[in-house]
Amino acid sequence: MAKNKLKAVIFDLDGVITDSAHYHYLAWKELADELEIPFDQEYNEKLKGVSRMESLELILMNGNACDKYTKEEKEAMAEKKNDNYKELIKQITPEDILPGILPFLKELKAEGIRIALASVSKNAPFIIDRLQLNEYFDYIADAASVPNAKPFPDIFLAGRDEFGFESCECIGVEDAKTGIEAIHRADMKAIGVGTPDQMAEADLLTTTDKLNLSEIRQCFDME
C-alpha cells in the first residue's frame, strides 16, 4: 500500500504562529467590565478556539445575560470588542512569532510543501502582515466565508480545497481542543502544540520550537 505524501500543512494562528490571546483577553475583559459581568483568565480559557459571537455568548452566559440583549446589540458589542482588539494588536511585531515557527515555515517552503492558515479570526490577514509572514502563506482561509466555525472542519477543508489535495495529504497544527476536533473531522492528522490535557486527541503532541519536517514525516509514516 502506497504511503501518503505530505503536500500541505494548515496552521491555526493564535497559540501556534503567535500568541495574541492576551490581547483578546484584554479586549473581552474591558467589555465584560462595562457589562458588569465577572470575567477572568480562567474563564477566558473557555473562549479558546471559539468564534467571536460564540465567545460573546459565553461571556453573557457567565452573567446570566444571554436573553438581556437583542441580536443587534450583541453584534454591536462584538464589533466594539473587535475594534479594541485591533488597536491592541497594532503592537504585534515579528518578535512575537512563536519559537521555531519561522524556521519550520522556511523548511516547508524549501521542500515545496504548501502552507495555509485556518484561523477563526477575521483579523488573521492583518496579524500575518504585522508578523511579516505573508511570503510563507500560500492561502489564508477567510473565516467570514466558511459556514461553520471550529469544531466544524470547514476552515481546514477550505485550505485543502484551495490546493486541490486530499485530506490524507494534509496536516493541521492546532493548540486548542476544538481545533484538534476540527482537523480530525476534516479527516486530517492533527499536530497539537498546546497543553497535554487539551491535546489528548492530537496525533502528535509537541511544542512550536520542536516542529520539523522530519519528525512529522516519521510520525505519520510519510515520505
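Numbered by my numbering, the letters in the sequence shown go through residues 3 to 225 in order.
A virtual CB, placed ideally from N, CA and C, is assigned to each residue, including glycine.
query = Going by the beta-carbon positions, is the gap between Asp-1 and Gly-181 smaller than 8 Å?
reply = Only positions 3 to 225 of the chain appear in this structure, which leaves residue 1 out of reach.
- Query: Below 8 Å between beta carbons: does that hold for Ser-22 and Ile-129?
  - Reply: yes
key: Option in Lys-76, Leu-110, Cys-170, Phe-158 with minimal Cα separation from Ser-147   = With respect to the C-alpha of Ser-147, the residue from Lys-76, Leu-110, Cys-170, Phe-158 having the closest C-alpha is Phe-158.
Q. In its own chain, which residues sit with a C-beta less than 8 Å from the C-beta of Leu-90, not counting the 5 before and 5 after it?
A. In its chain, beyond the 5 residues on either side, Tyr-25, Leu-28, Ala-29 have a beta carbon closer than 8 Å to the beta carbon of Leu-90.
- Message: Is it the case that the region 54-62 contacts the region 90-109, given that we only count it when at least three CB pairs across the two stretches are under 8 Å?
- Response: Result no; under three Cβ-Cβ pairs closer than 8 Å.
Check your understanding: Run through DSSP, which three-state label would Cys-172 get?
Key -> strand
**Cβ neighbour criterion (16 or more within 10 Å) applied to Met-3** = Note on Met-3: pLDDT 40, under 50, position unreliable in the model; the coordinate value appears next. Counting Cβ neighbours within 10 Å, Met-3 comes out exposed, since fewer than 16 surround it.
Worksheet item: How would you label Ala-202, buried or exposed, when you count the other beta carbons within 10 angstroms and need 16 or more for buried?
Response: exposed
Own chain, CB closer than 7 Å to Ile-185, minus 5 neighbours either side, in chain order: Phe-158, Gly-174, Glu-176, Ala-192
Considering only the alpha carbon of each residue, which of Tyr-138, Pro-155, Arg-132 lies closest to Glu-109? Tyr-138
Near Glu-82, which residues of its chain fall below 8 Å by C-beta distance, leaving aside the five closest residues on each side in sequence? Strictly speaking, residue 82 in this sequence is Lys, with Glu absent from that position. Closer than 8 Å at Cβ, skipping near neighbours: Leu-33.
Check this for me: beta carbons of Leu-8 and Arg-219, under 8 Å apart or not?
yes
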